[in-house]
Amino acid sequence: MKKKLIVVSMDAMVFEDLEEVKHLPNFQWMLENGARVNRMRSIYPTLTYPCHTTMATGLYPEHHGVLNNTVMYVGEEDLPWQFYKSAARGKDIFDACKEAGMTTAAVGWPVTGNHPNIDWLVDEIWPEKPYTWDTFAQAYRDSGTSEDVFEKVVKPILWQRVPRRNPDSSYFNCRCACGIIRCYQPDLLMLHTGNVDAYRHSTGVFSKNVSLGLLQCEQLLGMLIEATKDAGVFEQTDFVVTADHGQLNITRLVKLNTVFVKEGLVTLNADRTVTDWKAWCYSAGLSAYVVLKNPEDELLHRQVAELLQKMCREGVWGFSEVYTKEEVREREHLDGPFSFVLETDGYSKFADGWQGNYVQPLPMEIDGVHRASHGFHPDKGPRPFFLGCGPDFQKGAVLADANLTDGAPTYAKLLDVSLPDADGRALTELLNLE
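Everything in the sequence shown is counted per the working numbering, starting at 57 for the first residue and increasing by one.
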């Protein structure tokens with residue numbers, strides 16, 4: 057009997073949430089009959105797109121090259137998202153499966169647009185405004201959804217697609233995944249849902265809304281299980297439910313570029329647009345990258361380092377650590393075109409802006425304001441878990457800890473395919489393979 061694997065990333069779901077879902081039928085089935093890792097150590101920064109690239113490749117950001125959710129451009133705030141596979145380096149689990157002659161599918165999985173080795177693809181993407189069914193249809197086609205998948209899976213439910221709003225987007229993605237299972241029975245399917253992440257952003261790390269999101273996750277899991285039964289593949293399917301990161305509550309935004317303007321490191325014209333720069337800060341949520349226009353300029357490097365260290369010592373500017381590029385490369389396997397990384401004080405989130413006040417409080421009474429976020433160091437806050445159930449998982453096996461890089465090698469082991477360059481390892485303690 058041919059093996060099949062379904063991996064569901066329930067964005068920002070953490071180990072502590074298992075206490076709430078352990079009596080819900082589908083999660084109860086997985087917890088009582090499967091294996092798990094209680095806490096997965098994520099990567100730095102704990103952002104969705106870098107994390108999901110790690111989850112598919114088993115590589116740290118220094119090797120796969122996805123450092124942020126968005127492309128980083130100086131002098132802009134509304135930065136384009138990294139929807140496409142071309143943003144990532146390295147071999148991933150989809151590549152490995154195709155090499156072995158297996159079929160693959162992905163729905164809403166970040167950084168997979170136009171992936172050449174995904175047979176049935178519905179990318180995580182949204183068009184430029186206006187958001188209409190026509191613009192969404194074109195965005196899906198442009199990012200790799202075939203006409204067959206569009207006609208059979210996407211088009212019948214496209215009217216349900218709500219741009220960048222959850223739980224609507226999560227239900228849409230899950231319905232697409234269920235359609236792919238029923239139509240095509242892929243050997244590997246990877247699905248990303250974001251409703252818990254959205255509730256945590258908008259209402260805090262633990263709230264009644266997050267509890268509602270966990271009930272919705274139970275429904276989504278049930279929909280997938282039902283689809284495999286309809287397709288006649290339930291008995292041969294391994295299921296994994298996991299996540300990318302946790303969140304921390306926040307109370308304010310900080311904008312380091314406003315200080316860079318005052319220090320003469322960013323030059324503005326009369327209408328406050330950027331005309332030149334020596335240093336620039338890109339938000340990574342609760343961490344930030346500081347980029348130098350000329351990183352080989354030792355005097356500039358020393359000037360910016362001294363400024364950042366002075367601000368950090370003063371303890372009021374929103375960051376508690378200043379890491380050099382060399383430090384984060386050695387400690388956290390993070391590398392790229394930056395010179396420094398700043399770590400939050402625990403309640404401040406970085407913003408890309410360069411105008412207005414340095415600190416922007418987040419009023420708790422206004423809807424749409426983030427009350428929690430991520431991007432912080434992976435040793436902070438609640439951590440995601442890894443839960444597997446099916447014929448190839450060892451019932452009752454539990455590991456206290458593992459790394460996010462271990463996911464993809466474990467999938468490769470389950471499917472008997474090769475990811476030799478992965479930074480992580482297969483979690484064989486969880487598996488029941490003959």
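From the three backbone atoms N, C-alpha and C, an ideal C-beta is built for every residue, glycine too.
Going by other Cβ atoms of all chains shown within 10 Å of its Cβ, with 16 needed for buried, is residue i buried or exposed?
i      : result
Tyr129 : exposed
Val372 : exposed
Ser226 : buried
His79  : exposed
Gln241 : buried
Gly320 : exposed
Leu390 : buried
Asn313 : buried
So, using beta-carbon positions, are residue i and residue j closer together than 9 Å?
i      : j      : result
His301 : Pro465 : no
Ser429 : Ile306 : yes
Val347 : Gln365 : no
Asp151 : Asn173 : yes
Leu486 : Gly444 : yes
Val454 : Ala299 : no
Trp410 : Leu324 : yes
Trp176 : Ala195 : no
Phe449 : Asp353 : no
Ser339 : Lys381 : no
Val315 : Leu363 : yes
Ala254 : Arg308 : no
Ser199 : Phe139 : yes
Asp504 : Leu268 : In the structure displayed, the chain extends from 57 to 490; residue 504 sits before or after that span and is not available.
Which value, in whole angstroms, describes the spacing of the CA atoms of residue i and residue j?
i      : j      : result
His108 : Ala161 : 15 Å
Leu304 : Gly437 : 6 Å
Ala407 : Asp462 : 31 Å
Ala112 : Val122 : 12 Å
Phe442 : Trp85  : 15 Å
Cys230 : Met279 : 8 Å
Lys451 : Ala283 : 23 Å
Leu342 : Lys58  : 43 Å
Ala326 : Asn459 : 49 Å
Gly392 : Arg256 : 29 Å
Glu490 : Arg97  : 29 Å
Phe375 : Ala143 : 29 Å
Trp189 : Arg217 : 8 Å
Cys153 : Pro81  : 31 Å
Glu291 : Ser202 : 29 Å
Nearer than 8 Å: is that true of the beta carbon of residue i relative to any heavy atom of the ligand SAM?
i      : result
Pro186 : With respect to the ligand SAM, the structure offers nothing, as it holds no ligand at all.
Report yes or no: do three or more beta-carbon pairs, one from the region 58 to 65 and one from the region 240 to 254, lie closer than 8 Å?
yes
Please confirm if the region 92 to 108 is in contact with the region 161 to 178, defined as three or more CB-CB distances below 8 Å between the two stretches.
yes
Threshold first: 3 residues or longer. Then list the beta strand (DSSP E) segments lying entirely within the region 67 to 145, N to C.
91 to 97
At a cut of 8 Å, does the region 126 to 141 reach the region 469 to 477 through at least three beta carbon pairs?
no
Counting only runs that start and end within the region 220 to 299, where is the beta strand (DSSP E) found for 3 or more residues in a row?
244 to 249 and 293 to 298
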